[in-house]
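These notes concern the structure reproduced below.
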Amino acid sequence: MRAYNSLILAALLALAAPAYAQTPPALITISGDGHVETAPDMATISLGVTTTAKTAQVAMAENADQLAVVLDNLKAAGIAPRDLQTSGLSLQPSWANSSLSENRIEGYTAANQLTVRVRDLSKLGAILDAAIKDGANTLNGVSFGMSDPAPLLDEARKRAVADARARATLIAEAAGAGLGAIASITEGGGGAPQPQFGYARAVMDSVPVEAGSVGVSASVTISWQLTQ
């Protein structure tokens, strides 16, 4: 009987334990941002060749011949084959309105877009010259970036964490508390440098292009336990 009563008492204590459980610690949740800027070490050119002819076959053939000249010039300027990529190819009819108010095809326009990566920025102007000298007749823009953005992104993350901690410390101290252990960390947006496009001005000797700087951003959201 005594053993039975002991079991009942133990069960009652187990059921009552949650009522006496320690209250979860108060939390403070703060977001922080980090940003790093540096000079770019590579550029990406978006250019193309557009040709128009009476027939689709001629338009495509002339486009291919013109593009071949552009590719040869770029390779001669030091661009490796791995840094050349076709990014778009299209063939569209050209419509004309007849006197009978009926649309008719008067020719075809072929367009070929090429993406060129330039890893030596000192040659950027000369490479643009080589591209537009004998073939490329559309220049969509030049963007600048980093060949390896990972170290910049890591530094931006560190700054984001430091920013969140500084804000949390300020608010906690103003409320008469302190920061305890970290309860959770969540990384937000950010990533590799985003291209900053700008149109280059073509001149006879070279194309002047200012690289400027590129930036990488990161954000984090951190929750700390508050201490008294």
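Read in order, the letters of the sequence shown correspond to residues 91 to 318 in the working numbering. The beta carbon of each residue, even a glycine, is placed where N, CA and C say it ideally should be. Model, not experiment: these values are computed from the prediction.
Quiz item: Looking at the structure shown, is asparagine 187 part of a helix, part of a strand, or coil, going by DSSP?
Solution: On the sequence shown, position 97 is the one that residue 187 refers to. Asparagine 187 falls in the strand class under three-state DSSP.
Quiz item: Which class does serine 212 belong to by DSSP, given the choice of helix, strand or coil?
Solution: Here residue 212 is taken as the residue at index 122 of the sequence shown, counted from 1. Helix.
Exercise. Have a look at glycine 305 and valine 126 and give me their C-alpha separation to the nearest angstrom.
Key: In the sequence shown, residue 305 corresponds to position 215, counting from 1. In the sequence shown, residue 126 corresponds to position 36, counting from 1. Computed Cα separation, rounded: 5 Å.
Exercise. Starting from alanine 143, trace the alpha helix (DSSP H) both ways and give me its first and last residue.
Key: As a position in the sequence shown, residue 143 is number 53, starting the count at 1. No alpha helix (DSSP H) contains alanine 143, which is instead part of the beta strand (DSSP E) from 132-143.
Self-check item: Rounded Cβ spacing between threonine 141 and alanine 200 (contact assumed at less than 8 Å)
Solution: The sequence position of residue 141 within the sequence shown is 51, counting from 1. The sequence position of residue 200 within the sequence shown is 110, counting from 1. Right, the Cβ-Cβ distance comes to about 5 Å (below 8 Å), so this counts as a contact.
Self-check item: glutamate 300 - DSSP class collapsed to helix/strand/coil
Solution: The count along the sequence shown starts at 1 and reaches residue 300 at position 210. Looking at glutamate 300 - three-state DSSP - the assignment turns out to be coil, as it is neither helix nor strand.
Quiz prompt | Extent of the continuous alpha helix (DSSP H) run through threonine 259 | solution = The sequence position of residue 259 within the sequence shown is 169, counting from 1. It spans 240-264 - the alpha helix (DSSP H) in which threonine 259 sits, taken as one unbroken run.
Quiz item: Thinking C-alpha only, which one of Glu300, Gly302, Gly279, Ile275 is nearest serine 313?
Solution: Here residue 313 corresponds to residue number 223 of the sequence shown, with the count starting at 1. Nearest C-alpha to serine 313: Ile275.
Quiz item: Which residue from Arg207, Ala133, Arg247, Asp244 puts its Cα closest to that of proline 171?
Solution: Position 81 of the sequence shown, counted from the first residue, corresponds to residue 171. It is Arg207 whose Cα lies nearest to the Cα of proline 171.
Self-check item: Buried or exposed (CB count within 10 angstroms, at least 16 for buried), leucine 218
Solution: Working through the sequence shown from its first residue, we reach residue 218 at position 128. Under this definition leucine 218 is a buried residue.
Quiz item: Straight-line CA distance for isoleucine 195 to lysine 165?
Solution: Within the sequence shown, the letter at position 105 stands for residue 195. Within the sequence shown, the letter at position 75 stands for residue 165. C-alpha separation (whole angstroms): 37 Å.
Quiz item: So what's isoleucine 275 in DSSP terms, helix, strand or just coil?
Solution: Stepping through the sequence shown from its first residue, residue 275 is reached at position 185. DSSP places isoleucine 275 in strand when its eight states are reduced to three.
Exercise. My understanding is that leucine 157 touches alanine 273, with C-beta atoms under 8 Å, so please give their C-beta distance in whole angstroms.
Key: As a first step, residue 157 must be located in the sequence shown, where it is residue number 67. As a first step, residue 273 must be located in the sequence shown, where it is residue number 183. With 8 Å as the limit, leucine 157 and alanine 273 do not qualify as a contact, their Cβ atoms being about 58 Å apart.
Exercise. Kindly indicate which residue of Ile135, Gly266, Gly122 has the alpha-carbon position closest to the one of leucine 316.
Key: Along the sequence shown, one-based indexing puts residue 316 at 226. That would be Gly266, whose Cα lies nearest to the Cα of leucine 316.
Quiz item: What do you get for aspartate 253, buried or exposed, if any count of 16 or more other CB atoms within 10 angstroms of its CB means buried?
Solution: Residue numbering aside, residue 253 sits at position 163 when the sequence shown is read from its first letter. Answer is buried; the Cβ neighbour count reaches 16.
Quiz prompt | Burial state of leucine 260 (16 or more Cβ within 10 Å) | solution = One-based indexing of the sequence shown puts residue 260 at position 170. With fewer than 16 Cβ atoms within 10 Å of its Cβ, leucine 260 is classed as exposed.
Exercise. May I ask which residues mark the beginning and end of the alpha helix (DSSP H) holding aspartate 155?
Key: Position 65 of the sequence shown, counting from 1, holds the residue named residue 155. Counting along the chain, the alpha helix (DSSP H) containing aspartate 155 begins and ends at 146-166.
Practice problem: Look up isoleucine 120 in the DSSP assignment and say whether it is helix, strand or coil. | Solution: Taking the sequence shown and counting its residues from 1, one reaches residue 120 at position 30. Of the three classes helix, strand and coil, the one that applies to isoleucine 120 here is strand, per DSSP.
Quiz item: Nearest CA to the CA of alanine 143: which residue from Leu137, Glu152, Pro239?
Solution: On the sequence shown, position 53 is the one that residue 143 refers to. Closest option to alanine 143, Cα to Cα, is Glu152.
Practice problem: Enumerate in chain order the residues of its own chain whose CB-to-CB distance from leucine 179 is below 6 Å, with the five nearest sequence positions on each side excluded. | Solution: In the sequence shown, the residue the question calls residue 179 occupies position 89. Asn202.
Quiz item: Do threonine 205 and serine 177 come within 7 Å of each other at the CB atom, strictly closer than that value?
Solution: Residue 177 sits at position 87 when you count from the first residue of the sequence shown. Residue 205 sits at position 115 when you count from the first residue of the sequence shown. Result yes, Cβ atoms of serine 177 and threonine 205 sit closer than 7 Å.
Exercise. Compare the Cα-Cα distances from glycine 302 to each of Ala271, Pro130, Ile169 and report the closest residue.
Key: Residue numbering aside, residue 302 sits at position 212 when the sequence shown is read from its first letter. It is Pro130 whose Cα lies nearest to the Cα of glycine 302.
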